[in-house]
Amino acid sequence: MLVGIKRETRAGERRVAATPASVRQLAKLGLDIAVESGAGVHAGHDDAAYRAAGALVVPTLDENTIAPAVLCHVAPLTVEEACRLRPGTITVGFASPAAELPTVRALAEAGVTSFALELIPRISRAQSMDALSSQSLVAGYRAVLEAAIRFPRFFPLYMTAAGTVPPARVLVLGAGVAGLQAIGTAKRLGARVSAYDVRPASKDEVTSLGGTFIHLDLDAIEGSGGYAREMSEDRAARQRELLAPHIAASDVLITTAAVPGKPAPLLVTTAMVQGMKGGAVVVDLAAETGGNVEGTRAGHSVAVPGDGGTVTLVGMKDAASAMAADASRLFAANVANLVELMTVDGRVVPDFADDVVAGACLTSEGAVLHQPTAAALE
Ligand code: NAD
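Just so we're aligned, residue 1 is where the sequence shown starts under the UniProt record's numbering, counting upward by one.
Structure representation (C-alpha cells):
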C-alpha cells in the first residue's frame with residue numbers, strides 16, 4: 001500500500017510530514033513510501049536522504065501519475081487539492097476544521113477518509129501522535145527567542161565589576177503546552193518568570209518550571225478535556241483589568257492563550273501595551289487566530305509608542321515552521337505513529353472501534369464525522 005508524502009505548498013510552510021527516520025518506520029510496517037521531490041528541503045532532508053531510507057522520490061503525487069492510498073501532509077489541504085483525491089484515499093495531517101470548512105466539505109464530497117491531527121484525543125495512549133503538543137512545544141520555545149533577540153537588555157542577572165544588571169521580567173499568559181515551553185525557555189535564559197492561566201490546574205506546572213503563578217480574583221473557567229472555555233465579555237474585561245498591573249511591571253510579555261475552535265481571547269489592549277516600559281517586547285503566539293493582543297498582525301513586528309518609550313509588538317506567524325528541522329522531526333513521528341496504529345499486515349485499515357482513530361477522523365464515506373464541524377457546515 002502506497003503512502004505519499006506531500007511537498008507543502010502553503011506560503012510560509014517549511015515543515016514536512018515525513019523524515020528519513022519516519023520513512024524507515026513506515027517501511028518496516030510493509031508500506032511503500034513515495035515522497036514528492038524537494039518535500040524535505042527546508043527541514044534539512046534532500047531527495048537522496050529519502051531514497052536512502054527506502055522511499056521512491058517522485059516529481060508529483062496526483063491522480064494522473066502516482067495516486068497514494070494514504071496522503072500525509074502538514075498544512076491543511078486546499079479545496080482544489082481535496083477535490084483531486086480519489087474516493088477512498090486516506091489523509092493524515094493538520095486540517096484546521098473550524099477555519100477550513102470549505103476543504104472539509106470537499107474532503108467529504110470526494111469520499112476521502114481524512115484524519116485531522118488537531119482531533120487526536122488528549123489521552124496518554126495518544127501522546128505520541130499529538131501534533132498540537134509537539135508543534136506548540138516548538139512555538140513556545142521560538143517565541144521566547146524572538147523576544148530575547150528584540151529585547152535591548154539581557155535576560156539573566158549579571159553582577160559585574162561595572163555594576164549589576166537586573167534580570168528581565170518575563171510574563172507568560174496561557175500556560176498550556178506552548179506557554180510552559182516559553183516559561184522553561186525564559187527560565188533557562190535566566191529571566192524572572194511569572195505566568196497566568198485561567199485553568200488553576202496549570203499552577204503546579206508553572207511552579208515546577210520555576211515560574212511564579214499569578215492568581216487573579218476571577219473564578220476558574222475550565223471546559224472539558226483539560227481545555228479552557230470561552231469567557232463572557234464582562235469576565236474578559238475584568239480579567240484585562242486585573243492583568244494590567246502585572247503587564248505594566250513586565251519587560252517581556254509572551255501570550256499563548258487559546259480556546260479550541262474559537263478565535264483567540266483578547267487579553268491585552270493597546271492601552272495595556274502602551275503602559276509597558278520603553279524597550280519592552282510583546283510576542284503574541286496567538287496572532288494567527290486573531291491575537292491575544294489588540295493590534296497584533298500575524299507575521300509583522302509593530303512599534304507601539306508607549307508612555308515610557310516604544311514597545312515592540314510581534315505577531316508570530318508560522319512559529320513552528322521557523323524551526324522546520326525539529327518541528328518536522330516531531331511532526332513526522334506523530335504522523336508515523338498514527339499510521340502505524342492503523343496498519344495491519346502492510347495495509348492501512350482504520351479501526352473505528354479504537355477511540356484514537358475514531359476521535360481523529362474528520363470525514364469518511366461522504367460524511368463529516370466530527371460533530372462540531374458537521375454542525376458548523378449545516
Ligand atoms: P491551548 O493551546 O488550547 O490553550 C493554551 C492555554 O491558554 C491553555 O492552557 C488555556 O487554559 C489558556 N487560556 C485560554 N483562555 C485563556 C484566558 N482567557 N486567559 C488565560 N489563559 C487562557 O491549550 P494546550 O496547550 O493545547 O493545552 C490544553 C490542555 O490540554 C492543558 O491542560 C494541557 O496540559 C492538556 N494536554 C494534555 C495532553 C495529554 O494528556 N495527552 C497533551 C497536551 C495537552
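For every residue, glycine included, the Cβ atom is placed at its ideal position computed from N, Cα and C.
Could you spell out the range, first to last residue, of the beta strand (DSSP E) harbouring residue i?
i	result
F115	113 to 116
R51	That residue, R51, is in no beta strand (DSSP E); its alpha helix (DSSP H) goes 47 to 52.
G93	90 to 93
E205	Unbroken run through E205 is the alpha helix (DSSP H), 202 to 208; no beta strand (DSSP E).
G315	310 to 315
Is residue i close to the ligand NAD? I mean its beta-carbon at under 7 Å from any heavy atom of the ligand.
i	result
T256	yes
Q135	no
P263	no
M231	yes
R122	yes
V259	yes
R297	no
S202	yes
Q274	no
Q181	no
V198	yes
L253	no
V177	yes
Y141	no
A360	no
May I have the straight-line CA-CA distance separating residue i from residue j, to the nearest angstrom?
i	j	result
S321	R84	26 Å
G309	V273	11 Å
I149	D326	20 Å
I183	A126	25 Å
L71	G140	28 Å
I33	G88	18 Å
K6	L101	21 Å
V311	V304	5 Å
A229	V104	The residue asked about is misnamed: residue 229 is Arg in this sequence, not Ala. Cα to Cα, R229 sits roughly 24 Å from V104.
Grab the span of the alpha helix (DSSP H) containing residue i for me, first residue to last.
i	result
Y227	Where Y227 is concerned, there is no enclosing alpha helix (DSSP H), given that its DSSP letter is neither H nor E.
Using beta-carbon positions only, say whether residue i and residue j come within less than 8 Å of one another.
i	j	result
G44	V74	no
M316	L285	yes
V302	G295	yes
V35	G54	no
T289	L107	no
A360	A17	no
G275	A237	no
residue 379	L189	Residue 379 is absent from the model: the chain starts at 1 and stops at 378.
P97	A116	yes
L171	S194	yes
V147	A110	The identity of residue 147 in the sequence shown is Ala, whereas the question assumes Val. No. Outside cutoff.
L31	V3	yes
For the ligand PLP, any of its heavy atoms closer than 7 Å to the Cβ of residue i?
i	result
D47	The model depicted lacks the ligand PLP and carries the ligand NAD instead.
request  = Indicate whether the contact test is met: 3 or more Cβ pairs, each with one atom in the region 274 to 287 and one in the region 243 to 256, closer than 8 Å.
outcome  = yes
(message) Quick check: the region 354 to 372 against the region 118 to 127, are at least 3 beta-carbon pairs closer than 8 Å?
(response) yes
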